[in-house]
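Accompanying notes for the structure given below.
There are 2 protein chains.
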Amino acid sequence: MSAASRPLPDTAARTLISARGGRVTRTRVAVIEAMQASAQPLSHDELASLLGSAGQDVDRVTLYRTLDWLVEQGIAQRIASGERAWRFELHHDERHRHAHFHCDHCGQILCLESTTPVPPPDLPAGFAIARTEWVLHGACAGCNTEGPRP
Amino acid sequence: MSAASRPLPDTAARTLISARGGRVTRTRVAVIEAMQASAQPLSHDELASLLGSAGQDVDRVTLYRTLDWLVEQGIAQRIASGERAWRFELHHDERHRHAHFHCDHCGQILCLESTTPVPPPDLPAGFAIARTEWVLHGACAGCNTEGPRP
DNA sequence: CTCATACTGCTACAATGTTGCAATAACAAG
DNA sequence: CTTGTTATTGCAACATTGTAGCAGTATGAG
Chain A
3 MSAASRPLPD TAARTLISAR GGRVTRTRVA VIEAMQASAQ PLSHDELASL
53 LGSAGQDVDR VTLYRTLDWL VEQGIAQRIA SGERAWRFEL HHDERHRHAH
103 FHCDHCGQIL CLESTTPVPP PDLPAGFAIA RTEWVLHGAC AGCNTEGPRP
Chain B
3 MSAASRPLPD TAARTLISAR GGRVTRTRVA VIEAMQASAQ PLSHDELASL
53 LGSAGQDVDR VTLYRTLDWL VEQGIAQRIA SGERAWRFEL HHDERHRHAH
103 FHCDHCGQIL CLESTTPVPP PDLPAGFAIA RTEWVLHGAC AGCNTEGPRP
């Protein structure tokens with residue numbers, strides 16, 4: 003290949019990474035770009051497929067570690083979707099008050115960023131909240147009108 | 003053993019089970035009673051230990067199936083605690099508005115039933131909510147005053 | 001260009017959950 | 001109480017999701 007001296011273009015992803023003092027690798031860039039392109043949080047498995055079909059096969063373990071690093075650096079955030087696997091999305095606002103909707107029929111996860119902010123609950127004294135997860139379960143518009151799919 | 007003709011006592015657990023047309027088995031009764039006795043949601047693993055140390059060893063698979071059945075029947079409910087495994091507790095109220103607190107330091111899960119009810123968010127039209135999960139993460143009173151434990 | 005070392009990609013393993021099937025036990029009927 | 005039906009159980013094998021250790025590669029600094 004007649005590779006240029008800079009192997010990867012100077013994208014937003016690149017900036018995000020190097021600002022944290024991390025090395026700009028194909029995997030990190032690809033994961034960030036896949037998340038940027040997705041309207042929904044993605045699971046490890048979905049990310050692997052996305053990268054794979056973009057001709058970017060990534061080792062399972064490397065992908066896990068990349069995701070860990072992104073979360074650690076505050077670039078991405080982890081969501082317990084109500085299924086077995088974590089989902090990941092780029093870290094938007096200040097961690098609080100961001101709900102997700104999980105369709106129990108088609109399995110889709112939707113970000114509900116525009117909904118009314120969740121009021122912090124009254125906690126017993128001495129408790130400190132680091133972050134909250136609010137997941138709504140039910141049927142999305144598509145599945146709701148068509149009736150449940152088994 | 004000089005077993006009576008009725009092998010199990012007529013407990014609340016027994017009533018819960020037979021009201022659904024299920025057979026009253028040692029495992030189901032033991033699981034329900036363990037949950038009744040616990041202030042917190044229990045994981046599959048914790049339940050297995052509890053039953054085990056009560057001299058009631060249960061097969062892993064049987065326990066999974068028992069829990070599935072209890073959830074299916076609306077006797078118990080499943081909680082995505084933010085860790086890898088599900089947790090289970092007896093199904094209290096009307097499914098909505100029941101928050102949990104997960105201490106990221108000691109791993110405890112606390113039920114916050116007394117907090118202000120969560121207002122249902124504005125959803126896009128056509129969406130139906132079946133149930134919501136609201137999990138707060140942070141440090142509980144004990145861990146918070148003592149500082150984080152690694 | 002050279003070098004230190006942050007990442008990667010194996011291979012193995014751990015934790016959590018599921019499937020299929022033969023054996024057992026609940027309980028309804030006689 | 002005894003018998004028969006069949007819902008549950010228990011076993012073994014497998015599936016999914018995630019981690020640990022370590023040798024090799026490639027990024028980025030000098």
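These protein sequence lines map, in sequence, to chains A and B. Under the numbering used here, the first residue of the first sequence is numbered 3, with each subsequent residue one higher. Under the numbering used here, the first residue of the second sequence is numbered 3, with each subsequent residue one higher. Built from N, CA and C at the ideal position, the CB exists for glycine as well.
Close-in-space but distant-in-sequence residues of the same chain around residue i (CB under 7 Å, 5 per side omitted)
i	result
T64(B)	T29
T68(B)	T29, R30 and V33
A22(A)	Rather than Ala, the amino acid found at residue 22(A) in this sequence is Arg. Contacts found: Q75.
E85(A)	none
R97(B)	Unreliable positioning characterises R97(B) in this predicted model, as indicated by a pLDDT of 46, which lies under 50. The coordinate reading is nonetheless provided below. R133, listed in sequence order.
C145(A)	C105, H107, C108 and R151
L114(B)	A101, H102 and F103
V60(A)	T29, A50 and L53
E135(A)	I81 and A82
Cross-chain neighbours of residue i in chain B, by beta carbon under 7 Å
i	result
F90(A)	Simply none; closest approach about 14 Å.
R133(A)	H139
C113(A)	Within chain B, no residue comes near C113(A); the closest Cβ sits about 11 Å away, beyond 7 Å.
C142(A)	F129
G84(A)	A82 and E135
Host alpha helix (DSSP H) of residue i (start-end)
i	result
I156(A)	Residue numbering for chain A in the displayed model covers 3 to 152; residue 156(A) lies beyond these limits and cannot be assessed.
A101(B)	A101(B) -> not in any alpha helix (DSSP H); beta strand (DSSP E) instead, spanning A101 to C105.
E48(A)	H46 to S55
Boundaries of the beta strand (DSSP E) in which residue i is found, first to last residue
i	result
L89(A)	In the sequence as presented, Leu is not what sits at residue 89(A); that position holds Arg. Start and end: W88 to L92.
T27(A)	Segment: none, T27(A) is in no beta strand (DSSP E) and carries neither H nor E.
M60(A)	Met is not the amino acid found at residue 60(A); the sequence shown has Val there. Element bounds for V60(A): n/a, residue is neither H nor E.
I131(A)	A130 to A141
Q79(B)	A78 to A82
C113(B)	I111 to L114
Chain A residues whose Cβ lies nearer than 8 Å to that of residue i
i	result
T106(B)	Checking the sequence, you will find Asp at residue 106(B) rather than Thr. Those within 8 Å of D106(B) in chain A are A132.
CB-CB length for residue i against residue j, believed under 8 Å
i	j	result
Q42(B)	L112(B)	7 Å
W88(B)	I81(B)	7 Å
P126(A)	A143(B)	6 Å
V137(B)	H102(B)	5 Å
F129(B)	A141(A)	7 Å
Contacts around residue i, its chain only, beta-carbon distance under 6 Å, and the 5 residues preceding and following it disregarded
i	result
D106(B)	H139
I19(A)	V26 and R30
A15(A)	V31, I34 and E35
T17(B)	none
G24(B)	none
R62(A)	none
Neighbourhood of residue i by C-beta distance below 8 Å, restricted to the same chain and skipping five residues each side
i	result
F90(B)	M37, P43, L44, S45, H46, L49, L69, L72, V73, A78, Q79, R80 and I81
T13(B)	V31 and E35
S83(B)	P43, S45, R89, H102, H104, I111 and V137
Y66(A)	H46
L92(A)	I34, M37, Q38, I77, A78 and Q79
D124(A)	none
S55(A)	none
Residue i CB to nearest heavy atom of the ligand SAM below 8 Å
i	result
H46(A)	Inclusion of the ligand SAM in the displayed structure is not the case, the ligand content being empty and no account of it being possible.
Check each residue of the stretch 37-62 of chain A: if its Cβ is closer than 8 Å to any Cβ of chain B, include it; give the result in chain order. none
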